[in-house]
Each structure stands twice: as C-alpha cells, then as structure tokens.
Amino acid sequence: MIDTLLFLLVDGITNGAVYGLVALSLIVIYTVTRVVNIAQGEYVTLGALSFASALSGYFSPFSWLVAGGLAAFAVLDVADRRLSNSARIRMLLIRSIWIAGVLATAFAANKFPGSYWFAVLAALAATASLGALTYRLTVEPVSGASPIVLLIVSVGVYMVFHGAAVLIWGAEPQSVPPVVDGGVSLGPVFITYQSLWICCFAVLAMAGLYTFSERTLIGQALQATAVNRVGAQLCGIPVRVAGQLSFSIGAGFSALSGLLLAPLITANYDMGFPIGLKGFVAAALGGIVEYPTALVGVALVGLTESFSAFQISAFRDVIVFLMVIPILLWRNAVRPPEAHEH
Amino acid sequence: MTKSAISSSRRSPATASIIVAFAMFALACVVAAIGPQYDVTLLVTVGLTSIAGMGLTLLLIAGQVSLGQAAFMAIGAYVSAILARDFGIPPFIALVLGVAASALSGVIVGAITLRLKGHFLPLATLAIGIATSAAIVAAGGLTGGASGLGQIPPLAIGPLALTEDRGFAVVVWLLVAVLGGGFSRLLYSRAGRAIAALKTDAEMAEIFGVDATRLRLIVFVVAATLAGLSGTLYAYYFKFLSPAPFGLTASINLLIACIFGGMAHPFGAVLGATAITVLEMLLQNTVARMLGLSGNVELIVFGLVLICVLLRWPGGIWSALQRVWPRFSAVRPGRNIELTPSKRSTAGEDLLTVTGISKNFGGLKALQGISFSVGPDQIVGLIGPNGAGKSTTFNIATGLLAPSEGAVLLMGETPPKRVSELVHRGVSRTFQHVRIIPERTVLENVAFGAYAQGRAGMMSGMFGFDRKEEAATFAKAWRALEIVELDGLAHEPASRMAMGQARLVEVARALVSRPRLLLLDEPAAGLRTGEKLKLVTLLHRLKRAGMSVLLVEHDMDLVMNCVDRVVVLDRGQSLMTGLPDEVRQDERVIAAYLGT
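Same order as they appear, the protein sequences are chains A and B. Here my numbering = 1-based position in the first sequence + 138. Here my numbering = 1-based position in the second sequence + 53.
#1: List the residues that DSSP assigns as beta-bridge partners of residue 412(B).
#2: Would you say residue 206(A) faces chain B, with C-beta separation under 7 angstroms as the test?
#3: How many Å lie between residue 265(B) and residue 251(B) at the Cα?
#4: Residue 322(A) and residue 329(A) look like a contact to me (Cβ under 8 angstroms); what is the Cβ gap, rounded to whole Å?
#5: Looking at residue 146(A) and residue 418(A), is the spacing between their C-beta atoms short of 7 angstroms?
#6: For the region 112 to 138 of chain B, which residues have a CB atom closer than 8 angstroms to at least one CB atom of chain A, in sequence order?
#7: Compare the C-alpha of residue 213(A) against each of 201(A), 383(A), 227(A) and name the closest.
#8: With distance defined between alpha-carbon atoms, name the residue in 455(B), 558(B), 492(B) nearest to residue 502(B).
#9: Going straight from the alpha carbon of residue 142(A) to that of residue 404(A), what length do you get?
#10: Roughly how many whole angstroms lie between the Cα atoms of residue 471(A) and residue 244(B)?
#11: Return helix, strand or coil for residue 465(A), following the three-state DSSP convention.
#12: Can you tell me the Cα-Cα spacing of residue 174(B) and residue 236(A), whole angstroms?
#13: Going by DSSP in three states, residue 214(B) sits in which element: helix, strand or coil?
#14: Can you tell me the Cα-Cα spacing of residue 148(A) and residue 435(A), whole angstroms?
#15: When you compare the CB positions of residue 605(B) and residue 404(B), do they come within less than 7 angstroms of one another, or not?
#16: The beta strand (DSSP E) with residue 125(B) in it runs from where to where?
#17: For residue 545(B), which of helix, strand or coil comes out of DSSP?
#18: Decide if residue 332(A) is buried, meaning its Cβ has at least 16 other Cβ atoms within 10 Å, or exposed.
#19: Pick from 431(B), 593(B), 290(B): whose alpha carbon is nearest that of residue 134(B)?
#20: So residue 86(B) and residue 219(B) are in contact, right, with Cβ under 8 angstroms, and what is the actual spacing, rounded?
#21: I want to see whether chain A comes within less than 7 angstroms of residue 187(B), judged by CB atoms only; does it?
#22: Give the C-beta separation of residue 369(B) and residue 316(B) to the nearest angstrom, bearing in mind that I take them to be a contact with Cβ-Cβ under 8 angstroms.
#23: Would residue 402(A) pass as an interface residue toward chain B - the criterion being a Cβ-Cβ separation below 7 angstroms?
#24: Could you work out which residues of chain A lie near residue 265(B), taking near to mean beta carbons separated by less than 7 angstroms?
#25: Bridge partners of residue 619(B), per DSSP?
#26: Under 7 angstroms between beta-carbons, which chain A residues line up against residue 175(B)? List them in chain order, please.
#27: Can you tell me the Cα-Cα spacing of residue 445(B) and residue 308(B), whole angstroms?
#28: Tell me the DSSP secondary structure of residue 278(B) in three-state form.
#29: Are the CB atoms of residue 407(B) and residue 461(B) nearer to each other than 7 angstroms?
#30: If you draw a straight line from the alpha carbon of residue 65(B) to that of residue 378(B), how long is it in whole angstroms?
#31: Are the Cβ atoms of residue 441(B) and residue 622(B) separated by less than 7 angstroms?
#32: What are the partner residues of residue 461(B), as DSSP defines its beta bridges?
#33: For residue 350(B) and residue 337(B), what's the separation of their Cα atoms in angstroms?
#34: Spell out the partners DSSP gives residue 482(B) in its beta bridges.
#35: Specify the secondary structure class of residue 329(A) as computed by DSSP and reduced to three states.
#36: Since residue 209(B) sits in a beta bridge, which residues does DSSP pair it with?
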C-alpha cells in the first residue's frame, strides 16, 4: 500500500514538474501579451521531436523553416520606412546573429550526432525562435484585440503546428534516450534519474525565471508590460520586443519540458496538446498570472492525475480537465479577468 | 407615405431573409433530387453543420464564445441513438429526448459557467468539450467506446420511416431554411436588439430592463439545443456513431465555419459550413491525393484560414454580401405621438431621496453623509471637482452600488435588488462613457430603449408575431430622435456618430423608456457649444413634459443655466445644496474648484 502511494507520489510529482514548466510558459506569455495560448502544448511536441531528430543526426526541415521565417520577417522589419539607418543596421545585425544561432546549433547537432547537449541547444534555439515568430505573425497585427480573439487565433496556431509536426516527422513515435540511464531505489520505489532531472530542471527554471523577472531590468520591463501595455509603451518599453521575448521564453520552457519528458513516454506528434491543457489547468488556479499559486495548481493536477489514473484509469483525463471548472469559478469569484483593455 | 412604406418593407432584411431561406431550400431540393449519392451526403453534412453553426453564431452575436459545441452534439446524438437502439424507444421520440438532453445539459453547463467572465468561458467550454469526448470513450459499455455504436434504426414517425437519404437531405434543409430565416428575422426584433446589447455592455442592457443573466442562459441553451438537434440527425443519417466526429476538432471546425462565414449573421454559418466543406473536399481530392499526404494538410489549411480571417477579414464571407443586403429601416410614423413619462408622480412626492449615505472602498472613504433629493418636475445638478464622489453617488442612487451607510429611496421605495427592475420604476440613465450598440443603426439603438415596454419574445421575433409591437416601438424611437434633432441620422450605423451625437442618442434611448426620473452622467462631455445649448433647451423641454432630471456634470455654465437646485460635492462630502445663484457666489465652492 505504502509502495503504491509512494510510486503514485513520485509519478505525480514528475508529471507535475512537466506541467509546471508549461504553466510557467503560459503565465509568461499571458501576462505580457494577454494571449491565453492554446497552442502552448505544441511547443512541447516540437521541442521533443526536434530534439529527437537532432540527436539522431537528422537535419530536420524544422530548423530551416524557422530560420527562413526569421529571415522573412527580418527583411520586413528592416524595410520599415520609419526606421533610421543606424536602427536598421542594428536590427539587421541582431537578426543575422539570431538566424546564424539557430542554424549553427542545428549544424552542430548534425555534425556530432548523438551529442546530447548540442541536440538540446538545437531544439531549444529553433523552438524558442518559433515562439517569437508566432508572436510576430499572429499576435502583433492584432495586439489590441480582446483576449477572446487572441485565444481563437491561438487555436488556429495550434492547428497549423499540429499538422506541420506530422508532415515533418510523421505519425510514428520516436524513442529518445534519457540524460542518464538508470535510477535510484528509494526504499521500495524505483526513481529514474530522468524523473530527478525533470524535477531538478523545473526547479532551476522556475528559480531562474523568478530571478529574471524580479531582479533584472528586462524582467521588470516585462512585468510593467503585463500591468499596463500603454503605460509601458509610454515609458519607452518596446512592447513588441517584450511580446517576442515572452513568447520565446514560453516556447523555450515548453520545449525543454518536452525534451525532458520524451524519454519517459516517447516523442510523438500527439504528446503536447494534453500537456498544454493540463499546464493550463494548473496555471488557471493562479488566474494565469500568479507564479506561486500556479505551483500549487501544478502539484494538484499532477497528483490528481496519478491517483485517478490508479483508481479509475479510463476517466483520468475527464477528471483532470473538469477540474478547471471549479478552479475557474473560484478564480472568477476571487478576481475576475478584465473583459477588455481600454 | 403608404408608397414609401411598401417600398421599404419590400427591401427590408426580414423579407430578404425569407427570400434567401426559400432559395436555399429550393437549391438543396434540386441537389437532393438530381445530385449523385456523394453530393447528397455532402448536402446533409453541410446542413447539419449549418444547424449547429447557427446556434454558435447566435452565441457569438451575444458576445460569447464556446469551444465545446461538439459536446452538445455528442449528447444529442448518443442519447437518441442509445434510446432508440437499446431501449426500443420510437426513433422520433428518441430524437426529441436527445434534443431535450442537449438542452438540459446546456442549462446545467450554462448555469455553472456563464458567470465566468472574459476568456474564462471559452476555456471552460473547451475543458467540457474534451472531457465529454473522453467520457464517451471511457464509458465504453454504454457508448461503444472508441470502436463506435452501429445499427441505429432509421428516423420514423409511426409507420412513416425516413430511410431515403434524399428525403433526409430535404428534411435537414427545411430545418436550415426555417431556422436561418427565423434567426435572421430575430436579429432585428426586440430580443435581437437585447442580444446585441448584451455583447456591447451587459450593465447597459440591464438598465433598459434586460435580465442579462437569464438572456445569456437562454442564448446558450438555444445554441446547445441546435447542436443537439444537429447531432441527433447525424446519428439517424449515418446510423453509426463514434467519438471522433464530436471531439475538439469538431468544436473548432464549427467555430471556424462560423467565423469564416461571418459571425454577424446566421446565414454566415450556412456560408461558412458550405465553404469549409467545399474546401475540405478540394483538399482531400487534390492536394492530399497528389502529394500523398493525409488529413494534416486540412488541419494546417483550416488553421491558416482561421488565423487569416481573424487577422485580416474579421467580417468573413458575410461582410462581402452585407453590402448588397438591405439595411434595416423602419417607417416613420405619420402622426405625432407624445413621449410622456409612463406614470405621473403623485403631487409633492420626491422621486429620489438620498439620506446620509456613505461609501467606503476598503480604507478609502469615497462618500460621507451625503443627503439630497430630487422632487417632481425638478432638474437637480450634482457637481464637484474630479474625485469628489459624483459617480459613486450616481451609482448608489441607481442601485449599482450599495451604500455602506444611509438610505436611498426611489419613488418612495428602496431601490430594486436587480438593475433590470429599475426601468419599471420609471428610472432611466445615460452613461459617462457612451455605451451604444456599434453594429446597429441609430434608430435601432434608440428603439432598444423601449425594451421594458415590450412583450414579444424570441419566438415571435423569429416568426413575425411582433409586427404591431415593433411598429409602436419604432414610432416612439422616431419621435425620440426628432426630440434630440437627430432624425436625419436614423438609418446610419451607430458607430459612425461623433461623440456629441452619440451622447444625444443615449438621451433619446433613455427617453423611449419613458422615465419619470432621468439620470444624465456627464451628458455634455465632448459636446460642442452649439450642442450644449441644444441640450439645455432639451432639458427644459423634458421638465415641462413632467420629467425630473438628475444631472452629473463638469460644465458649470451648463449646469447653472438649466438646474433648479445644485448639490456640490467635494472630497466625498456635501459642500452645500442650494439655488444656482447661491452656489455661484459661495466662497467654499469657488475655493473647491479653484483651490485655495
């Protein structure tokens, strides 16, 4: 009995750590851009799949697509007539380094097949850049729209990513090796090192994000944008850059959770969406704005999931997804979301 | 007069709707009669998507989004299929029960989730949709689970069985035509205006007597019922059910159909359903087959359609047709009707009495011990510098806020618990930030003010049993527009008005509700000098007609020119109450305004 409980606890915490990274991504994106990102789980998928292909030495068209997209919008941005020449050169320089970074990591992974960390870098660089690209293409043109419109746009983004993942990688699941094989026996329970890695990364990432947003100027600027977009703009904070940055961070974190989780469940095109939604259920507890409350939500979702999987496995997802209703009702009563930003 | 009446009624959107509905039905009959079997199945699919889509469009018009409509389709489909197949209930009765089950789940889900604000509602419906399809798979013993549920009996009423696919298509499109025609007539009726007002601003809708919570629930249940009807018919047509066509993708595709077709009009759902189905066919037959790719191209293309439409073409296909669609118009009445207050107040009775009210927001004392009253045929001005507590006083007087201390009497009684009751007491108001329905004409906006005096519900709105009432409503609306001298703009879209005109339209809308007490919240803000003079004349005229006015205003000159008494607030306290001349010369008032 104790064994089972311990096992479920470890399982729940591991899952919770993965959802935690996704919940953080959702919060970073929502607070800065007011986008409730339905497509968040797809970054998990894309992170895991691009990691799998980079690790096997296969240069996936994903990196080319992202680099191409970055180049296209670099051209668009540099052609903006309102810019001064020096601003243009600076922008061109930054974009070139960025594109070079995405391609360089991809080539490095290609040259050293099997190198774990190059593959991680390649996957993170490409997926995080895709986040920025998504913001640029689908949010910026309608940044003044209501959160509901932004939400529906993100549904469209989800569909494109989901379909594209199958086109690029196929429907076959790909197995991914863990960071370190094996695990430790803690009394009667066996814990894989990968689970420990996941928890470790999750804690590091959360601490990092917390320090970033509380202790650095850029983090403070992001928070200011979160509180009041127009005000932040008037204070000279470039809202567009803040949006791209938040989408990059969000996409990167989700990709990280995807490639860490992949060894436990294999990487496949369908893995991300439910993870994204469960991360959302957790984040909803804090109204998609509060980090600490989201952590409570993460633990709640992870544990509910593993215990209900044990008790009534067929209805596991029904229970986890329906949890969002009481959470939203509670949140709505405590602090309702602003319907519109005037 | 009669000639113009005939020509305008011939070109009204209601008539156009009926013509389009008939044309759709006729076209569907032709396809059903001579098309190949494949086309008949497509026809049924488009029809079923349209039925569910029209419900979702109505929901969108009311300003709500559901990402879980397919759940209601699933409930209707599975309930009727299981009842007819496993319990031997006659198929038609099973159909009715299935639709009823969807409606009931709509009531339950709506009652729980409709209090959610903003983007919380689509997220809750998304979760319900996913949980429903997961539950269908999990409850395999009853529903057949992932492998499906077959051998559903054909739809029949007694001995009359609908086994013929072509006949089925005709029945489906008859429903589409009746519902489509009905809903597009509904848009321009009393209930339709209330639904549109709900999207603009629920609080504003309540001021004119709409029970927003109830109407929102009704619209949600109508959408769920139509989804259920669509699902049940799906079960009887294909005679096989599996969870796949009722999953998240189905809910999203339905939303895409509505947005692509145009979410401003029920026919948009039909257009969208057709466009999406045609697109799907094209993709399946050409791109996918040529490149040897599976259904993922569809997913990508639909996703791109959704993004592009929302980003670049938010009106969808309907916005292109709207240019040739007749604009709403109503005939100007020949005889002059008077817009007098609904009930004359008993002589001497005060309409509004505020006694010693205070309001605390946490530690902040926004108001302390304010007392004043508004008597019959009196214009009272409530003035004070910024932050004096004018708006708080105003909101307490209309029952939007409860005072921390003190009492408010409206027409001698405590204010009603619900804002929507206010208009029945003979109280109406305008808003500091203009709240008019931007999509509708000026005349319709004004006509919405008469909501509380009407009776016609959704059914009479759909099928035209409200003609007499509507004629009376629009006669009043015309009269009110004449009073504020904006009758020339009656058929202009409200979004095109300048600020000053919009404020006067709000006054006209309030007049149509025939109040005894009219509350004006900064009516002169944004008005030009000429318009301000017009407003003063208007206020005197209203007073002569037996109306009392409470006026919150910044413009001292305007207030002093028309009010009988002035209440001056400063920093949450009552500075003085008196005649305009007394106030003008009072040193405390001058000090409060100019600073000491």
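Just so it is clear, CB atoms sit at the ideal spot from N, CA and C, and this is done for glycine as well.
Straight from the coordinates:
#1: The bridge partners DSSP lists for residue 412(B) are 420(B).
#2: For residue 206(A), no CB of chain B lies under 7 angstroms from its own CB, so it is not counted at the interface with that chain.
#3: Each residue's Cα considered, the two are about 7 angstroms apart.
#4: Going by Cβ atoms, the distance from residue 322(A) to residue 329(A) rounds to 6 angstroms, so yes, they are a contact pair.
#5: Going by C-beta atoms, residue 418(A) is not nearer than 7 angstroms to residue 146(A).
#6: Per Cβ criterion, the list reads 118, 120.
#7: Checking every option, the nearest Cα to that of residue 213(A) belongs to 227(A).
#8: Considering only 455(B), 558(B), 492(B), the residue with the shortest C-alpha distance to residue 502(B) is 558(B).
#9: If I take the Cα positions, the gap works out to 24 angstroms.
#10: If you take the alpha carbons of residue 471(A) and residue 244(B), they lie about 29 angstroms apart.
#11: In this structure, residue 465(A) counts as helix in the three-state DSSP scheme.
#12: If I take the Cα positions, the gap works out to 38 angstroms.
#13: DSSP places residue 214(B) in strand when its eight states are reduced to three.
#14: Cα to Cα, residue 148(A) sits roughly 16 angstroms from residue 435(A).
#15: Not a contact, by the Cβ cut-off of 7 angstroms.
#16: Counting along the chain, residue 125(B) falls outside any beta strand (DSSP E), though it belongs to the alpha helix (DSSP H) covering 122 to 139.
#17: It is coil, neither helix nor strand.
#18: Buried, because 16 or more other Cβ atoms sit within 10 Å of the Cβ of residue 332(A).
#19: Out of 431(B), 593(B), 290(B), 290(B) has the C-alpha closest to the C-alpha of residue 134(B).
#20: Yes, residue 86(B) and residue 219(B) are in contact; Cβ-Cβ is about 7 angstroms, under 8 angstroms.
#21: Residue 187(B) counts as touching chain A.
#22: Residue 369(B) to residue 316(B), Cβ: 7 angstroms. Contact.
#23: It does not: the Cβ of residue 402(A) has no partner Cβ on chain B nearer than 7 angstroms.
#24: Within chain A, no residue comes near residue 265(B); the closest Cβ sits about 13 angstroms away, beyond 7 angstroms.
#25: Under DSSP, residue 619(B) takes part in a beta bridge, and its partners are 434(B), 631(B).
#26: Within 7 angstroms Cβ-Cβ: 286, 289.
#27: Rounded to whole angstroms, residue 445(B) and residue 308(B) show a C-alpha spacing of 41 angstroms.
#28: Helix, per DSSP.
#29: Cβ distance < 7 angstroms, so residue 407(B) and residue 461(B) count as in contact.
#30: The straight-line gap from Cα to Cα measures roughly 9 angstroms.
#31: Yes, they are a contact pair.
#32: The bridge partners DSSP lists for residue 461(B) are 407(B).
#33: In a straight line, the C-alpha of residue 350(B) is about 9 angstroms away from that of residue 337(B).
#34: Paired residues: 572(B).
#35: Strand, per DSSP.
#36: Bridge pairing for residue 209(B): 214(B) [DSSP].
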